[in-house]
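Step one of this worksheet: look at the structure below.
There are 2 protein chains.
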Amino acid sequence: MRDPLSRTFAALADPTRRAMLARLSEGEANVSDLAEPFLRDMSLPAVTKHLKVLENAGLITKGRNAQWRPCQLNGEPLREAVDWMERHRIAWEDQLDRLGAYLKTKTKGTRHGHKK
Amino acid sequence: MRDPLSRTFAALADPTRRAMLARLSEGEANVSDLAEPFLRDMSLPAVTKHLKVLENAGLITKGRNAQWRPCQLNGEPLREAVDWMERHRIAWEDQLDRLGAYLKTKTKGTRHGHKK
DNA sequence: TCTATATTAAACCAAGTTGTTAATTAAATA
DNA sequence: TATTTAATTAACAACTTGGTTTAATATAGA
Chain A
296 MRDPLSRTFA
306 ALADPTRRAM
316 LARLSEGEAN
326 VSDLAEPFLR
336 DMSLPAVTKH
346 LKVLENAGLI
356 TKGRNAQWRP
366 CQLNGEPLRE
376 AVDWMERHRI
386 AWEDQLDRLG
396 AYLKTKTKGT
406 RHGHKK
Chain B
296 MRDPLSRTFA
306 ALADPTRRAM
316 LARLSEGEAN
326 VSDLAEPFLR
336 DMSLPAVTKH
346 LKVLENAGLI
356 TKGRNAQWRP
366 CQLNGEPLRE
376 AVDWMERHRI
386 AWEDQLDRLG
396 AYLKTKTKGT
406 RHGHKK
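So the sequence lines, in the order shown, correspond to chains A and B.
Residue numbers 296 to 411, in my numbering, belong to the letters of the first sequence in order.
Residue numbers 296 to 411, in my numbering, belong to the letters of the second sequence in order.
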């Protein structure tokens, strides 16, 4: 999981982390602010670890203000992830169309076209 | 990693799998076609496993034609992933602007605003 | 029927992930 | 200075991931 794009997608592959990013998209927040919605589900060190994953993926940056660590979103890796997807999007939609057409012709019980 | 969106992002978090999707966005391909570019790096069963991950994420569907398993892209989960990202995109760009502005004001050696 | 081809399954392993609890660090404040 | 607050570190366990090799399955074709 060494390349940046993989690290970005891996960081997004967790609902807790996505929720943290969503929260951060509304503005800066300290670790404890970010942790608050999750403290019924997990411990604070677990939160710290999730934030570390986001930080390592370059998705957030942590500042410091006394004992607080104000976190900020960094949109750039997210943009690169969207870019990767957009680069293939047209092909996917073509594929969807083709699949749709295919399903329209077949769709007669023969789930796998079992050898005729 | 139970929710669909997480499974999609996790599936995307690997360069081999992304390359397979890219290949499939050009059209249907059998397992051995998809495997071919990677057989110097990994065994065929490893490829099968990657395809299983893509299949479990709903990103591809495998048909059958004699002993071949023609794989097709399924764009829908990808669209949902893009949707998630787009839902936050504007906020990210705001955040980028804010960060840019912030960096313009600070940026004087004091890497962490060490207590004044 | 025997063989070759395409693909998957099984058993295993090393490394990484995600959580825990207990201890530590650092700064603000009484 | 002692205490509280915010956050991290360390050590550990359970599970997942991504690879391996060997064996099995299914189909086509000689």
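Glycine is no exception: its CB is placed at the ideal position from the N, C-alpha and C atoms.
Rank the options by C-alpha distance to the C-alpha of residue i and give the top, closest one.
i: A306 of chain A; options: A:A386, A:I385, A:E371, A:N351; result: A:N351
i: L316 of chain B; options: B:L349, B:E375, B:P299; result: B:L349
i: P365 of chain B; options: B:L300, B:S320, B:V326; result: B:V326
i: F333 of chain B; options: B:E323, B:L346, B:G322, B:T311; result: B:T311
i: V342 of chain B; options: B:N369, B:I385, B:A330; result: B:A330
i: R382 of chain A; options: B:R374, B:W387, B:I385, B:R382; result: B:R374
i: L319 of chain A; options: A:W379, A:L368, A:E388; result: A:L368
i: P299 of chain A; options: A:A376, A:G322, A:K344; result: A:A376
i: W387 of chain A; options: B:L346, B:E323, B:M380; result: B:E323
i: R384 of chain B; options: A:H345, A:R384, A:D378; result: A:D378
Per DSSP, which one or two residues make a beta bridge with residue i?
i: L368 of chain B; result: B:I355
i: W363 of chain B; result: B:N360
From which residue to which residue does the alpha helix (DSSP H) around residue i run?
i: R313 of chain B; result: 310-319
i: L329 of chain A; result: 326-330
i: F304 of chain B; result: 299-307
Could you check if residue i is buried or exposed, using at least 16 other CB atoms within 10 Å of its CB as the buried criterion?
i: D309 of chain B; result: buried
i: A361 of chain A; result: exposed
i: P340 of chain B; result: exposed
i: R302 of chain B; result: buried
i: R313 of chain A; result: buried
i: I355 of chain B; result: buried
i: M337 of chain B; result: exposed
i: H409 of chain B; result: Any reading at H409 of chain B needs caution, since the residue's pLDDT is 34, under 50, leaving its predicted position unreliable; the model's value is listed next. Under this definition H409 of chain B is an exposed residue.
Take residue i and list the residues in its own chain whose beta-carbon comes closer than 8 Å to its own, dropping the five residues that flank it on each side.
i: E371 of chain A; result: G353
i: H345 of chain B; result: D309, T311, R312, M315
In chain order, what residues of the same chain lie with their CB nearer than 7 Å to the CB of residue i, ignoring the 5 residues before and after it?
i: K357 of chain B; result: E350, R364, C366
i: F304 of chain A; result: A376
i: M380 of chain A; result: none
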